[in-house]
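Residue numbers (the numbering used here), protein chains in the order written: chain A, 314 to 698; chain B, 8 to 297.
Every residue gets a Cβ at the ideal spot worked out from N, C-alpha and C, and that includes glycine.
Structure record follows, encoded as structure tokens.
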Amino acid sequence: MKIHEYQARNLFRKYGIPVPEGVVCHSVEEVKEKVPNDDKLRVVKAQVHVGGRGKAGGVKLAKSKEEAIEKASQILGMDIKGLTVEKVLVAEAVDIEKEFYVGLINDRNTKSVTLMASAEGGVEIEEVAKTSPEKIIKMTIDPTMGLMDWQARKIALRLMNDPAQIRQAASILTKLYQLYVDTDASLAEINPLVLTPDKRVLAIDGKMNFDDNALFRQAEILAMREVTPDEQKEIDASEKGLSYIKLDGSIGCMVNGAGLAMATMDMIKLYGGDPANFLDIGGSSNPQKVVDAMNILLSDTNVKAVMINIFGGITRCDDVARGLVAALKAIQTQIPIVIRLSGTNAKEGLEIIREFGLPTVSTMSEAAKKAIELSKKSKVKSQKK
Amino acid sequence: MSILINKDTKVIVQGITGRDGAFHTSKMKDYGTNIVGGISPGKGGSDVGGIPVFNTVEEAVKATGANASVIFVPAPFAGDAILEASYAGVELVICITEGVPVRDMIKVTPVLKQNGTKLIGANCPGLITPDECLIGILPSMIFKKGNVGLISRSGTLTYEVVNMLTESGLGQTTCVGIGGDPVSGLYFRELLEMYENDPATEAVVLIGEIGGDAEEQAAQYIKDHMTKPVVAFIAGQSAPPGKRMGHAGAIISSGSGTAEEKVKAFAEAGVPVAKEPNQIPGLVKQKLGL
């Protein structure tokens, strides 16, 4: 789960990590109301769940309240990578002597949280990671000890020179780690962490992601969740026991198991088609689940054909077939459907599907080829549900 | 021979009285797995289909000499269940539970190391040594005893591939589903080492996924240490960056863990990568000179 920069700033503040003053506004009126009438330099920043806001024109400087209002009116409603900007953060701009990057991430290799820092902060950190990885300092954190003071100090020493600044930076790192652990984060970045000419160390921009599996015990974080319509579809699906991700292709896929679902999408691509989604129905033959899955698939108007790929393991194919038939009877669609069943009781399952009058195939590759062929011929538009 | 489990493995089930635990316990028992006990706090002294139930893992291990435990408890309690098994001295722990928070898995890691516990999963289908022992939720009927080892991050895709292997006459020594979570127990590398040292295994099939770099590390290990042939497949080659594909936990972010990088790493290690799953049996036969 992602949160906005302003939400990350609120968490930083709660943990005592210094951030510049700022207000979040949903409208130009709110900017007029909340931003003090002075000539402080401010920065108006779009709050959207994508990177590259600055390059897209979603971050602008304002020299006065008038200008802040003007820039906010330009940014609010703007489209950044397909997302509409619904709020802006108007924060005090600070003079910057030096910029740094610090971040925490779950590291699969060391099976621990890894702290990363670099004296080359700012927007180009990904470029730094690629071209000169040696400029990024990494430190593995022992989960039983947490980030130890000497570790935080060691990192801070690599970034700053003055003892007072080193203390400030080390304390920020310790607080960021505490926040990370307390909130079940999967990523926490301060980029940039800055040193001002008056020797203060401040977090200018923050990004945090959280472990979806831990949201059950993170009510405060969950309350910050905001979702796009596509994400809402994914959440609705997950509440029905389905795992759905919308993509841009024309072939709807319904598969049992995530790995097999990915392999199915790969195969469609391999044979020159484009998958419309990832959809894992899990290991159940419950007809209602199949109906729900079909409804989700067909609500995507790009879908021109549907490929159903089931490998029966514990779940028997004849049970799945009965579920499918019940579902298809209830749905009645014009979209062509290809069904592939394999594994336990596949023969019986295929027989049930054939009796119902739908084409069946026995291998994944055949199914993919057939679905692509049908999607090209298909003239029907699926109806928005 | 086999790796990790065989007919002598004594298995206990943590969460034996739950719906999934009870169902799969009976399946495992039917297959011939030596299930010696189950754990359900507060229900100690009772039994489930003739299998004695204990309150704690420690009691179960003392009474039965169990050396493997399979976990079916709900996600919020799975981390603790792993810790309990580890501290009770169980050598091999298999966590089937899906949706375990990453922080809990990070917490158990140093304990496993300290106690010398081997963990498979979480969020995995388990493992099987055909005709001897099945631990987890794998559909037993598709497996056949033979000389191919198989390791996979996926569930149903594994079944698909195993079925193809079996149908083409290639049986298996041990098949292991390691699970697809970001932080989990044994990775490809450790298992490859076991297969390399297992006299019965003549070739290994590795089914990877996008995200992380377990495959790249496996490729490096194969290049440096393995004498036995390995055939690979990578799922998710068409997945868009930054998206987590279901519980497979396959995430690609900022250019690492992409399918291309993994295919390239395997190519450099002399490991053929199947373009689609149905090429796998052919590639294995080629490597075995069949």
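- Look at residue 461 of chain A: its C-beta is not under 7 Å from any C-beta on chain B.
- Distance from residue 127 of chain B to residue 101 of chain B at the Cβ level is roughly 5 Å; contact confirmed, criterion being Cβ atoms closer than 8 Å.
- When secondary structure is reduced to three states using DSSP, residue 582 of chain A falls in the helix class.
- For residue 133 of chain B, the nearest beta carbon of chain A is not closer than 7 Å to its own beta carbon.
- Residue range 152 to 159 is occupied by the beta strand (DSSP E) that includes residue 153 of chain B.
- Buried is the label assigned to residue 164 of chain B, since at least 16 other Cβ atoms lie within 10 Å of its Cβ.
- Ranking A:454, A:477, A:537 by CA distance to the CA of residue 509 of chain A puts A:477 first.
- Proximity of residue 402 of chain A to chain B, defined by a Cβ-Cβ separation below 7 Å, is not satisfied.
- The Cβ atoms of residue 64 of chain B and residue 92 of chain B lie closer than 7 Å to each other.
- Contact check between the stretch 507 to 521 of chain A and the stretch 393 to 410 of chain A: three or more CB pairs, one atom from each, fall below 8 Å, which counts as touching.
- Nearest to residue 462 of chain A by C-alpha distance, out of A:445, A:482, A:449, is A:482.
- Residues of chain B with a Cβ closer than 9 Å to the Cβ of residue 633 of chain A do not exist; the shortest Cβ-Cβ separation is about 12 Å.
- Under the three-state reduction of DSSP, residue 338 of chain A is assigned to strand.
- At a Cβ-Cβ threshold of 7 Å, residue 116 of chain B and residue 424 of chain A count as neighbours.
- Residues of the stretch 676 to 689 of chain A whose Cβ lies closer than 8 Å to any Cβ of chain B, in chain order: 676, 677, 678.
- Rounded to whole angstroms, the Cβ separation of residue 181 of chain B and residue 9 of chain B is 4 Å, and the two are in contact under 8 Å.
- Between residue 153 of chain B and residue 179 of chain B the beta-carbon gap is near 5 Å, inside 8 Å, which marks them as a contact.
- Below 8 Å, enough C-beta pairs join the stretch 572 to 590 of chain A and the stretch 543 to 561 of chain A to call them touching: three or more.
- Sequence-distant partners of residue 394 of chain A (beyond 5 residues in either direction) whose C-beta falls short of 6 Å from its own C-beta, in its chain, are 363.
- In terms of CA proximity to residue 568 of chain A, A:594 leads the group A:552, A:612, A:594, A:367.
- Boundaries of the beta strand (DSSP E) harbouring residue 593 of chain A: 590 to 593, taken from the DSSP string.
- When 7 Å is used as the limit between beta carbons, residue 162 of chain B is near these residues of chain A: 570, 572, in chain order.
- Residue A:431 holds the alpha-carbon nearest to the alpha-carbon of residue 468 of chain A among A:431, A:475, A:457.
- For residue 235 of chain B, same chain residues with a beta-carbon under 8 Å away, outside a window of 5 residues either side, are 202, 203, 208, 209, 210, 211 in chain order.
- DSSP links residue 206 of chain B through a beta bridge to no other residue.
- The Cβ of residue 283 of chain B sits closer than 7 Å to at least one Cβ of chain A.
- Residue contact with chain B for residue 425 of chain A: present (Cβ-Cβ distance below 7 Å to some residue of chain B).
- In the three-state scheme derived from DSSP, where H, G and I count as helix and E and B as strand, residue 54 of chain B is classed as strand.
- In the DSSP assignment, residue 673 of chain A is bridged to A:652.
- Look at residue 167 of chain B: its C-beta is under 7 Å from a C-beta on chain A.
- Residue 348 of chain A is positioned such that its CB atom lies closer than 7 Å to that of residue 403 of chain A.
- No Cβ of chain A is located within less than 7 Å of the beta carbon of residue 26 of chain B.
- For residue 352 of chain A, the closest of A:564, A:629, A:379, A:441 by C-alpha to C-alpha distance is A:379.
- Closest in C-alpha terms to residue 295 of chain B, from the list B:177, B:158, B:185, comes B:177.
- Taking 3 residues as the shortest admissible run, the stretch 10 to 36 of chain B contains the following complete beta strand (DSSP E) segments, listed from N- to C-terminal end: 18 to 21.
- For residue 33 of chain B, same chain residues with a beta-carbon under 7 Å away, outside a window of 5 residues either side, are 56 in chain order.
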